[in-house]
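Worksheet for the structure shown next.
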Amino acid sequence: MSFLPVDLTDRVAIVTGGNRGIGRGIASGLASAGCKMVIGARDVALSEEAAREIEQEYGVPTLCVSLDVKSRESIQQMASKVIENFGRIDILVNNAGVTARGSVLDMTEDSWDHVLDTDLKGVFFCIQAVAGPMMEQKYGKIVNIGSIAGTGWTDIGGINYGAAKAAIVQLTKVAARALGPYGINVNTIAPGSVDTPILYVDRTAEQVQAYKDNAIGKSAVGRLGLPEDIANGVLFLASDQASFIAGQTIAVDGGRFDLM
């Protein structure tokens, strides 16, 4: 993987859902920049495997924390553990997310709640958990992982996912205004179609291929995204070079011309 040459040596970075897919790419990217890493996810075994590989490749301390972003208590416990181990929190990447497909007519309450609780409420409670330490140190970078599903792309099979990601856009603006005076930048990256495991959830092989063909056909660069593409966006927003960027949602979508 090829990452931006950003220097974040000794910064402490949390990536929720950082053990696979886009999150794993982001964790690797931040580690390549010198961050002390925290991977928060439900699958601890997979997180430990990711941590071993990151430490071996990049030589940075990597902490695994059991995390359920639907639980405010779990989030608070994670933040406390990070402070206990590293003494500070510099970067939070709210990447953890799920999907449960359904249309306007057949979406169940359980599917709606599962996605909104994970993809939206979890983002807010994670911001809330790190805001105090960041305010005390007068420094912080928060990057939320949104989606083009929240900025204009209308997938009729993902109304819950789209609603959650659209809400993150406004959440980012308000959080940026509230936390900006304390030296904390809050922004969102809206990925386009990225080849990760979530792409295959609740889709047949034929549906996956149709999805890929459609996404590639509407991309200015003619390909699907890769986790490192999103990681490079995070690296820029987490760097001091992005200190004048706040409250923004930046599309990293390969130039989806159907959304321009």
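Counting in this note's numbering, the sequence shown runs from 126 upward without gaps. Idealized CB from N, CA, C, for every residue including glycine.
Could you check which residue in the options has the C-alpha nearest to that of residue i?
i, options, result
"D242", "M259, A256, V229, T224", "T224"
"N357", "G150, R136, A176", "G150"
"D168", "M232, R145, V185, E331", "R145"
"V255", "A289, I323, I309", "I309"
"G305", "G283, L324, D327, F369", "F369"
"K290", "I375, L192, G154, I216", "I375"
"L217", "D338, A138, K263", "A138"
"K195", "D244, I214, D215", "D244"
"G287", "A315, V311, D231, D193", "A315"
"E178", "S153, P352, D132", "S153"
"Q373", "S272, T313, A166, C160", "T313"
"C189", "Q253, K161, E182", "K161"
"G257", "G379, A303, N210, M126", "A303"
"Q181", "E353, S157, G222", "S157"
"R136", "Y307, A301, M259", "M259"
"S127", "S205, Q295, I355, I273", "I355"
I need the straight-line Cα distance from residue i to residue j, nearest angstrom please.
i, j, result
"E174", "T141", "15 angstroms"
"G265", "A340", "34 angstroms"
"T371", "L360", "The question names Thr, yet the displayed sequence has Ala at residue 371. About 15 angstroms."
"V268", "I281", "27 angstroms"
"G143", "A170", "12 angstroms"
"R197", "G247", "8 angstroms"
"L129", "S191", "29 angstroms"
"A335", "S318", "12 angstroms"
"S199", "G347", "41 angstroms"
"D231", "G275", "20 angstroms"
"D235", "R226", "11 angstroms"
"F382", "E353", "21 angstroms"
"D338", "Q202", "42 angstroms"
"S172", "A166", "7 angstroms"
According to DSSP, is residue i helix, strand or coil?
i, result
"T233", "coil"
"P130", "coil"
"L217", "strand"
"A301", "helix"
"G227", "strand"
"R381", "strand"
"G350", "strand"
"T276", "coil"
"V359", "helix"
"V76", "Since the first residue of the chain shown is 126 and the last is 385, residue 76 is not available in this structure."
"A156", "helix"
"A288", "helix"
"A254", "helix"
"I375", "strand"
"V319", "strand"
What are the boundary residues of the beta strand (DSSP E) that residue i is part of?
i, result
"S191", "187-191"
"P316", "309-316"
"A176", "Unbroken run through A176 is the alpha helix (DSSP H), 169-183; no beta strand (DSSP E)."
"A138", "137-141"
"V163", "161-166"
Taking C-beta to C-beta, are residue i and residue j nearer than 8 angstroms?
i, j, result
"I270", "N220", "yes"
"N285", "V333", "no"
"I164", "T134", "no"
"Q262", "R328", "no"
"L155", "W278", "no"
"V311", "T297", "yes"
"G350", "V326", "no"
"S364", "V131", "yes"
"G159", "V185", "yes"
"D252", "A204", "What sits at residue 252 in the sequence shown is Ile, not Asp. Cβ atoms of I252 and A204: not closer than 8 angstroms."
Kindly indicate the opening and closing residues of the alpha helix (DSSP H) around residue i.
i, result
"K337", "330-342"
"K266", "K266 -> not in any alpha helix (DSSP H); beta strand (DSSP E) instead, spanning 265-270."
"I76", "The structure shown does not extend to residue 76, since the chain is modelled only from 126 through 385, so no value can be given for it."
"K246", "Where K246 is concerned, there is no enclosing alpha helix (DSSP H), given that its DSSP letter is neither H nor E."
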